[in-house]
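Below you'll find the structure, written out as structure tokens, and then a few comments.
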Amino acid sequence: MKSPRLRRWRRLLLTAIAVVLAAPLAVLLVYRFLPPPITPLMIIRQIEGEPLRYDWVPLDAIAPSLPRLVVAAEDNLFCRHWGFDIDALQDELEKALDGEESRGASTISMQVAKNLFLWPYRSFVRKGLEAWLTPYVELALPKRRIIEIYLNIAEWGPGIYGAEAAARTHFKVPAARLKTAQSSQLAAVLPNPRRWSASSPTAYIQNRAALYRQRAAQLGPAYLGCWR
Numbered sequence: 005m006k007s008p009r010l011r012r013w014r015r016l017l018l019t020a021i022a023v024v025l026a027a028p029l030a031v032l033l034v035y036r037f038l039p040p041p042i043t044p045l046m047i048i049r050q051i052e053g054e055p056l057r058y059d060w061v062p063l064d065a066i067a068p069s070l071p072r073l074v075v076a077a078e079d080n081l082f083c084r085h086w087g088f089d090i091d092a093l094q095d096e097l098e099k100a101l102d103g104e105e106s107r108g109a110s111t112i113s114m115q116v117a118k119n120l121f122l123w124p125y126r127s128f129v130r131k132g133l134e135a136w137l138t139p140y141v142e143l144a145l146p147k148r149r150i151i152e153i154y155l156n157i158a159e160w161g162p163g164i165y166g167a168e169a170a171a172r173t174h175f176k177v178p179a180a181r182l183k184t185a186q187s188s189q190l191a192a193v194l195p196n197p198r199r200w201s202a203s204s205p206t207a208y209i210q211n212r213a214a215l216y217r218q219r220a221a222q223l224g225p226a227y228l229g230c231w232r
């Protein structure tokens, strides 16, 4: 027969496991309806002394070109996968085994999981947690809400978070008035917005922006329509 102490520890362990499993889902269900007030990255950057420019706007107040180009640039299977791009992950694993540099295989859903719950610095621990949290994102949020959250909390420069702050800082217009070329430049700098500027693009960024415009034009409704 189990001792009272052993039963108590077992109950505590099961309670802790239940809380750990349920907490992300509970938070995401809140974010399904309410904007995230702040993210870990925003807090970290503020501690480092950066300003905070973060103005949440609904997806309808963002120019349609921006989500289209961001999906074309970051995750062209966004409307078709359940959180993971398996082919891209296999390619990255093969590169890692061959000793080649990894470019990452994060989907938009994975980046939302990271931005909402985790820190920005790369590590195997963070990637593991990101992979664990991603199914929660897909389970709790429709695709429209996932892209809406992503566009509102993505970092677009030091202290610049979300499409509205990015549009006003880089182009002096609200996000609703972004032109296609401007949206493509914002999409092009997403891999490293602290190194590249959407409003002062290098030749490399201009070429990437043009590529994403071409790619977005080639993607049909099955790839670009799940948030409409």
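In the numbering used here, the protein residues as written are 5 to 232. The beta carbon of each residue, even a glycine, is placed where N, CA and C say it ideally should be.
>> Helix, strand or coil for residue 164? Go by DSSP, reduced to three states.
In response: Correct three-state label for residue 164: strand.
> Are residue 140 and residue 38 close, meaning C-beta to C-beta below 8 Å?
Replying inline: No, Cβ-Cβ distance for residue 140 and residue 38 is not below 8 Å.
>> Closest to residue 74 by C-alpha separation, out of 195, 177, 208, 56, would be which residue?
In response: When each option's Cα is compared against that of residue 74, the closest is 195.
> residue 198 by DSSP, collapsed to three states: which one?
Replying inline: In the structure shown, residue 198 sits in coil (DSSP, three-state: anything other than H, G, I, E or B).
> Quick one: is residue 31 near chain D, going by C-beta distance under 8 Å?
Replying inline: Absent from the structure is chain D; it holds one protein chain and no more.
> Which partner residues does residue 57 have in the DSSP bridge list?
Replying inline: Bridge partners of residue 57 according to DSSP: 164.
> In angstroms, rounded to a whole number, what distance separates the CA positions of residue 48 and residue 8?
Replying inline: Answer to the nearest angstrom: the Cα atoms are 44 Å apart.
>> Which same chain residues end up closer than 6 Å to residue 124 when comparing Cβ atoms and leaving out the 5 residues on each side of it in sequence?
In response: Around residue 124: 45.
> Beta-carbon separation of residue 151 and residue 40 under 8 Å?
Replying inline: Cβ atoms of residue 151 and residue 40: not closer than 8 Å.
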